Amino acid sequence: MSRTVSSRATKTAAWATPPPRPKGRVWAGFLTAFLLGLAVAFLITSGTGPDATQRRIAELEREDAARDAAQLGPLTDQAKDTRDRLAPVLAAMAQAAPVDGSAPHAPLTADVVNGWKDVLSVAEKSYEQAPSAGNGINVARAGLRTAVQQLAAAVRGFETALGVAEPVRSTLVALAGEQRTLALRTWSVAAVQLDVINIDAGRGHVHVQLSTGADTGGIAPDGAPEGR
1 MSRTVSSRAT KTAAWATPPP RPKGRVWAGF LTAFLLGLAV AFLITSGTGP DATQRRIAEL
61 EREDAARDAA QLGPLTDQAK DTRDRLAPVL AAMAQAAPVD GSAPHAPLTA DVVNGWKDVL
121 SVAEKSYEQA PSAGNGINVA RAGLRTAVQQ LAAAVRGFET ALGVAEPVRS TLVALAGEQR
181 TLALRTWSVA AVQLDVINID AGRGHVHVQL STGADTGGIA PDGAPEGR
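UniProt numbering numbers the first residue of the sequence shown as 1 and each following residue consecutively.
As structure tokens, this is what we get:
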């Protein structure tokens, strides 16, 4: 009787314990799971992979181009308006302080200088707002704004000269004239930049250079027709 029970117990234990799995099958299972994981990860990330990154870059570039196009026209109009407003001021400055350093052709008076101050005050305020844009527009706007600020500083120099006697007065007038000339050179650089970005945008040439009727050492406009 004991032999029979023992034999049955042995058979039951042998049946309940599974045979050991070969190691090769275990590694094959791991490899299958790993490959399935890679496939799932690819499907999940395929929408945010390199292709999606390139699409996002292209989208941002289109947004930047649209923003610049919206700002280019107003900036160009602003530069033209500033040029037209400053033309009589610069002509009068050239009489009070000739660009070539020669003797003044007209006396410097308080009424004249106050008129210059009014014009430059309006011009400075028009460039106070500087919305973000691409490098081309940012450089052009910064150059125009800096030139206007330099001209305003020149006007303050002329105003200071009014309150002193000779020979200091003549010296201050000459220094203010030099500041004016530097402002015109700065504007000429910005004007070229504005011309370039208008051409690149398909708007044609734009020439907004300032002039005093004499050579200031600035960059002259090219000979191409406006808008072509």
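Heads up, the beta-carbon is just placed ideally off N, CA and C, and yes, glycines get one too. From a predicted model like this one, the values you see are computed outputs, not experimental measurements.
How close, in whole Å, do the beta carbons of Ala-190 and Ala-153 come, if the pair is a contact with beta carbons under 8 Å?
-> That pair is no contact at about 17 Å.
Does the separation of the CB atoms of Gly-218 and Arg-180 fall below 7 Å?
-> No; because the gap between Cβ atoms is not below 7 Å, this pair is not in contact.
According to DSSP, residues forming a beta bridge with His-205 | Its beta-bridge partners are Glu-226.
Is Gln-129 helix, strand or coil by DSSP?
-> It is coil, neither helix nor strand.
Cα separation between Leu-194 and Ala-70?
-> Approximately 14 Å, taken between the alpha carbons.
Tell me where the alpha helix (DSSP H) around Leu-184 begins and ends.
-> That run of the alpha helix (DSSP H) goes 168–200.
Exposed or buried, Gly-157, counting other C-beta atoms within 10 Å across all chains shown (16 or more means buried)?
-> Counting Cβ neighbours within 10 Å, Gly-157 comes out buried, since at least 16 surround it.
Go ahead and label Thr-212 buried or exposed: buried means 16 or more other beta carbons lie within 10 angstroms of its beta carbon, across all protein chains shown.
-> Sixteen is the threshold: when 16 or more other Cβ atoms of the shown chains lie within 10 Å of the Cβ of Thr-212, as they do, the residue is buried.
Could you tell me whether the Cβ atoms of Val-206 and Thr-76 are closer together than 7 Å?
-> Pairing Val-206 with Thr-76 gives a Cβ-Cβ distance under 7 Å.
Return the residue from the list Pro-131, Glu-226, Gly-177 and Gly-204 that minimises the CA-CA distance to Ser-102.
-> Nearest of Pro-131, Glu-226, Gly-177 and Gly-204 to Ser-102, Cα basis: Gly-177.
Return the chain-ordered list of same chain residues with a C-beta closer than 6 Å to the C-beta of Thr-12, the five sequence neighbours on each side being excluded.
-> Because Thr-12 sits at a pLDDT of 45, beneath the cut-off of 50, its placement in the model cannot be relied upon, and the following sentence gives the value as read from the coordinates. Same-chain partners within the cutoff: there are none.
Please classify Ala-79: does DSSP put it in a helix, a strand, or coil?
-> Here Ala-79 sits in helix by DSSP.
Pro-98 to Ile-199, Cα distance in whole Å?
-> If you take the alpha carbons of Pro-98 and Ile-199, they lie about 34 Å apart.
Would the beta-carbon of Thr-82 fall within 7 Å of that of Ala-123?
-> Their beta carbons are under 7 Å apart, which means Thr-82 touches Ala-123 by this criterion.
Per-residue burial, Arg-55 [other beta carbons within 10 Å of its own, 16 or more giving buried] | Counting Cβ neighbours within 10 Å, Arg-55 comes out exposed, since fewer than 16 surround it.
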